[in-house]
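Please read the structure below before turning to the comments.
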Amino acid sequence: MKAFITLLYRQIKRFMRAKSRVIGAFVNPLLWLVFFGLGWSKVFNFPMAKQIFGGSDYLSFLAPGIVSMAIFSSSFISGISVLWDKEFGFLKEILVAPCSRKEAIMGRIVGDSLTSVLQGAIILLMTFTIAHSLKISGIPYVILLGFILAGSFVSVGVILALKMTSMEGFQMIMSFLMLPLLFLSGAFYPIDTMPAWMQALSRINPLTYAVDGSRYFLLGTSKFAITTDIGILLLLTFLFAGVAVYMFERTTID
Amino acid sequence: MDIISVKNLVKKFEDVTAVDNISFTVKKGEIFAFLGPNGAGKTTTIHILTTLLKPTEGTAIVAGHDVREDSAEIRKRIGIVFQDSSLDRELTAYENMYIHGKIYNVDGRDLRKRIEDLLKFVELGKFKNKVVKNFSGGMIRRLEIARALLHRPEILFLDEPTLGLDPQTRAHIWEYIKNMKEEHEMTIFLTTHYMDEAEQLAERIGIIDHGKIIAEGSPEELKKRIGKDVIYLRFSDKTENCMETELVKNCKILPDGRMELGVENAAEALPRIFEAAMKKGQKIMEVSYHSPTLNDVFLYLTGRAIREERGNKLDVMKNRRKRWGR
Ligand SMILES: Nc1ncnc2c1ncn2[C@@H]1O[C@H](COP(=O)(O)OP(=O)(O)OP(=O)(O)O)[C@@H](O)[C@H]1O
Ligand SMILES: [Mg+2]
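Just so you know, the protein sequences line up as chains E and C, in that order.
Each residue of the first sequence is one higher than the one before, starting from 1 at the first, in this note's numbering.
Each residue of the second sequence is one higher than the one before, starting from 1001 at the first, in this note's numbering.
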């Protein structure tokens, strides 16, 4: 358990130290919620609009999406930052240590998931000030769901970072993976209104189920059954974490 | 007792043979240095001995365990300071030490006390709560040494411990290394391409070049190979033939045209050498002599000097690239 707890401790320490990154993590989702959300909410202010958004106003529709987005980006980026450990050498310190690598990487994944969910939870509370038809009772469930979501994307980040050989790959992933995943998640507009090919893609996007599940808990309506959302998300998290552990156990220098 | 024993070790990367069939042993409690130029295979050897790379061929026994089979046992018994820093730059000196202690199973009050003592030992006590990001190169090196000592390893590996540091800082770090050996009765395996460092610290040196160990012994033994003094002569006409005079122990024509002579005592030998040259009708243009350094040994063995670049990492990288370019 020692390596697990130690790496968890390290991720949390690092998180608390990096003030600018923490502030950035809050600013971005809030900008989306305020400017994007408030902007469009007036456009969608006609009688039929509520029907499109599953019975709620646009801001309330958007809010669960923004919370998932915040957790998604923060967890994905923390996972990928294993690349920094490669670059700045800390990875070697772990690789040469007589500790269980499985525990070490799991500690890291859980630590990053916790910090990501913490950010998500704060965003969630803030959305309540703007979006008015959210259910307070949904908060703990959304946080739990967010934790599963975070676990899955920290793992994906770790996997990509272990595969990558240079920092250049990072920018590519940001634009070719993160943005499409966001647009295909149903966070900004309902999946049902997307063209068929986009719908197909969004069904294989883990983020879709986190957004949908959060809507279930906060609005009471969702596209998929909540058991489907949770089931798929859990499955993916175990799968990705498993792959991350497998790869980390086999990592060598260079 | 041999605490490290390496036999016919080979490491190949796709197209390069980084370590080319080397064998050597390190005795318990000694300071052993690998001295060699950039790209000689020093780091690769350290990575194999510290279980981070698998050898292509050959065997290596470290602290009684085979690197191929018992990496977990070896890892418990060694400490390493990598060529490039492996600290967490976002954390403080104390936090870096603390994390290391935890993953190496040092606990509680014992851990806190060891951290305090070691930080004091490397004179970083005042900086224990400062974030590593702001440390100088020398401070980073010292912290890494302190961290590597935290779990009291039997063998300490130091990969170019003073690379890119200024002379005062280097002398300082040599002090720590010597003290460390005294206080902890540790075996130290270090690599360097600085002659003075090998000479200052090592009881035994392996000179490594192009993945091969080309000479091994104590600094004195190695220097004795050339003679007590070395004389350099430059003649007006290029000579191909070495000078065979009684006091000359060995003689060699260097690539730059100078003649290198190993003698017992330069003051005695020089008049004889001048005489011999006059008899042959050779005109001497330039004379110099000094007691041999490891640099002379390297020059003698390979025909070229180990570059004494004190450069920063960037220069080293540039040199590497140049080397690869060829
Ligand atoms: N992962 C790798 N893949 C391919 N070649 C490598 C790898 N690591 C080292 N080499 C090559 O192996 C040779 C030995 O490298 P090594 O790093 O062991 O040298 P070194 O003696 O430590 O040199 P330096 O003083 O530059 O640190 C070099 O030619 C290097 O280019
Ligand atoms: Mg090296």
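Positions of the beta carbon are idealized from the N, C-alpha and C atoms, including for glycine.
Please read these numbers as outputs of a predicted model, since none were measured by experiment.
Distance between residue 1166 of chain C and residue 1142 of chain C, taken at the CA atoms: about 14 Å. Within chain E, the residues 89 and 92 have their CB atoms less than 7 Å from the CB of residue 1082 of chain C, given in chain order. The residues 66, in chain order, have a CB closer than 6 Å to that of residue 32 of chain E in the same chain once the five nearest residues on each side in sequence are set aside. Within the region 202-241 of chain E, the runs of alpha helix (DSSP H) at least 4 residues long that lie entirely inside it are, in chain order, 206-219. Per DSSP, the unbroken beta strand (DSSP E) holding residue 1234 of chain C starts and ends at 1229-1235.
Following the DSSP letters along the chain, one finds residue 1005 of chain C in no alpha helix (DSSP H) but inside the beta strand (DSSP E) bounded by residues 1002-1012. Restricting attention to C:1298, C:1303, C:1286 and C:1192, the CA atom closest to the CA of residue 1043 of chain C is found in C:1192.
Taking 7 Å as the cut-off, the C-beta of residue 92 of chain E does not count as close to any heavy atom of ligand 1.
For the region 141-162 of chain E, no residue has a beta-carbon sitting nearer than 7 Å to a beta-carbon of chain C. Excluding its 5 nearest sequence neighbours in each direction, residue 34 of chain E has C-beta neighbours in its own chain below 8 Å: 130, listed in chain order. Annotation for residue 1040 of chain C indicates a beta carbon within 7 Å of some heavy atom of ligand 1.
Of all residues in the region 1079-1104 of chain C, only 1080, 1082, 1084, 1085, 1086, 1087, 1088, 1089, 1090, 1091, 1095, 1099, 1100, 1102, 1103 and 1104 place a beta-carbon less than 8 Å from a beta-carbon of chain E. Put simply, of E:44, E:92, E:154 and E:168 the residue whose alpha carbon is nearest the alpha carbon of residue 1144 of chain C is E:92.
Close to residue 1050 of chain C, with beta-carbon spacing below 8 Å, are these residues of chain E in chain order: 96.
With respect to the C-alpha of residue 12 of chain E, the residue from E:212, E:218 and E:117 having the closest C-alpha is E:117.
Taken from the Cβ of residue 96 of chain E, every heavy atom of ligand 1 lies 7 Å or farther away. Rounded to whole angstroms, the Cβ separation of residue 113 of chain E and residue 56 of chain E is 28 Å, and the two are not in contact under 8 Å. Residue 199 of chain E has its CB no nearer than 7 Å to any heavy atom of ligand 2. Residue 1199 of chain C is positioned such that its CB atom lies closer than 8 Å to that of residue 1294 of chain C. Relative to the non-hydrogen atoms of ligand 1, the Cβ of residue 132 of chain E never comes closer than 7 Å to any of them.
For residue 1280 of chain C, none of the residues of chain E pass the 8 Å Cβ criterion, the least Cβ distance being about 56 Å. Counted as a single uninterrupted DSSP element, the stretch harbouring residue 1100 of chain C is not any beta strand (DSSP E) but the alpha helix (DSSP H) occupying residues 1093-1103. The alpha-carbon of residue 1111 of chain C is positioned some 20 Å away from that of residue 100 of chain E.
When DSSP states are grouped into helix, strand and coil, residue 1253 of chain C belongs to the strand group. Ranked by Cα distance from residue 1164 of chain C, the options C:1149, C:1138, C:1182 and C:1181 are led by C:1138. At a cut-off of 8 Å between C-beta atoms, residue 237 of chain E does not count as an interface residue with respect to chain C.
Identification of residues in the region 5-36 of chain E having a C-beta nearer than 9 Å to some C-beta of chain C yields 5, 6, 7, 9, 10, 13, 14, 17 and 18, given in sequence order. Closest option to residue 39 of chain E, judged by alpha-carbon separation, among E:59, E:47, E:78 and E:50: E:59.
Two segments are said to touch when three or more pairs of C-beta atoms, one from each, lie closer than 8 Å; by this definition the region 1223-1232 of chain C touches the region 1264-1283 of chain C. Taking residue 1024 of chain C as the centre and dropping the five residues before and after it, the same chain places the C-beta of 1006, 1206, 1213 and 1216 closer than 7 Å to its C-beta, in chain order. Using a 10 angstroms sphere on the CB of residue 1096 of chain C, the tally of other CB atoms reaches 16 or more, which defines it as buried. Assigned with DSSP and collapsed to three states, residue 1059 of chain C falls in strand. Of all alpha-carbon atoms in C:1082, C:1147, C:1090 and C:1252, the one lying nearest the alpha-carbon of residue 1241 of chain C is that of C:1252. With a threshold of 7 Å, the Cβ atom of residue 1298 of chain C does not count as near ligand 1, since no heavy atom of the ligand is closer than that. Bridge partners of residue 1065 of chain C according to DSSP: C:1062.
Between residue 1158 of chain C and residue 1190 of chain C, the beta carbon gap of about 4 Å places them in contact (Cβ cut-off 8 Å).
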